[in-house]
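Asks:
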Amino acid sequence: MIYLAAGMIIFWLATFLFVWSISRRQHKLEEELSVLREVVAEGTTTQA
Amino acid sequence: MTASKKSSGKDTLWLILLALTGLLIVVGVYLSILWAPTAVNMPTEAEQLAQRIFYFHVAAGWVGYLAFGVTALAGILYLLKRQRRFDNLAVSSAEIGVVFTAANLVSGSFWARPTWGTWWSWDDPRLTLAAIVLLVYIAYLMLRNAIDDPERRARLSSIYGIVGFLSVPLSFISVRIWRTIHPAVIGTTSETAQGGFDMSGNMVVVLLFSIFTFSLLYAVLLHYRLKLEDMREQVEDLKMQALAEL
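Residue numbers (my numbering), protein chains in the order written: chain U, 62 to 109; chain P, 1290 to 1535.
1) Tell whether a beta-carbon distance below 8 Å holds between P:G1450 and P:A1379.
2) Taking the continuous alpha helix (DSSP H) assigned at P:A1379, which residues delimit it?
3) So if I threshold CB-CB distances at 8 Å, which residues from the stretch 1348-1366 of chain P count as touching chain U?
4) Does P:W1303 get closer than 8 Å to chain U when you measure Cβ to Cβ?
5) Hey, how far is the Cα of U:F72 from the Cα of P:L1306?
6) Out of curiosity, what's the CA-to-CA distance linking P:F1399 and U:G68?
7) Given this structure, state the Cα-to-Cα distance separating P:M1529 from U:V101, to the nearest angstrom.
8) Of all Cβ atoms in chain U, is any one closer than 8 Å to the Cβ of P:I1500?
9) Could you check the C-alpha separation between P:V1425 and P:A1435 for me, to the nearest Å?
10) If we define contact as Cβ-Cβ less than 8 Å, is P:E1534 a contact residue for chain U?
11) Assuming P:A1392 and P:F1357 are in contact, meaning their beta carbons sit under 8 Å apart, how far apart are those beta carbons, in whole angstroms?
12) I'd like to know if U:L94 contacts chain P, where contact means its C-beta is closer than 8 Å to some C-beta of that chain.
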């Protein structure tokens, strides 16, 4: 029973961690995109 | 319908698919632990219980093979068309493949311990080749991280991904051509194979359900992982734009 339980816990934990990792990286990239868009917009305004 | 409405509609669909996949996973866990019949050919209760790992062990292995196949195909398409989206597809699929192949190996070890009396055997061709497949694609991801230029990175990793895929069918057929303790789930094994595997009808049902669910999980994860690559591309483009304006 312990092998089945341990195998399943580790398996689904790894899957969940991968999903969480994608979500965290997406959030970071969204923040970076937001900052870059502001920088580019300011740069465009300054040039104008 | 405006582009933004279409986009949010698609996002909703993928969220529904993600929720559905989660539900199917819960059903799959129930089926594999409580509904699937006991493997009565296993001599001890510990082995009979550990055998239930089989349903997600095989499904994870299938997703790994599928993911690396997609990586190889995307690599071919990139070399032919030189479009960035194929490279994005290749790396997204490879990352998912690494995760599920690692899960396949770890779950297999937890099944192997009570069944074979060992966590791992480097003498076994199937196990060794499966480990090689995992290392090949970990190296693929490391190679990509080492190259800054996007075009060069895409070109080299496409070639690597195509060549690396040769290890996948070799791993699959290893139980059929070499002496191994690992059972062949589909088809016949080598005459000198020590492992054997017979499935009842209900076992096949649970296995197919697991493979279907994991395939859906792969598709959903690929969608969200691809979005990451698209966002990375946008970040790179905006950085170039910001630098040009300085």
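Beta carbons are placed, not taken as given, at the ideal position from N, Cα and C, and that holds for glycine.
Replies: So, to answer that:
1) yes
2) 1373-1405
3) Cβ proximity to chain U below 8 Å picks out A1349 from the stretch 1348-1366 of chain P.
4) no
5) 21 Å
6) 6 Å
7) Between P:M1529 and U:V101, the C-alpha separation is close to 10 Å.
8) no
9) 15 Å
10) It does: the Cβ of P:E1534 has a partner Cβ on chain U nearer than 8 Å.
11) Your pair P:A1392 and P:F1357 does not check out as a contact, with CB atoms roughly 14 Å apart and the cut at 8 Å.
12) The beta carbon of U:L94 sits closer than 8 Å to some beta carbon of chain P.
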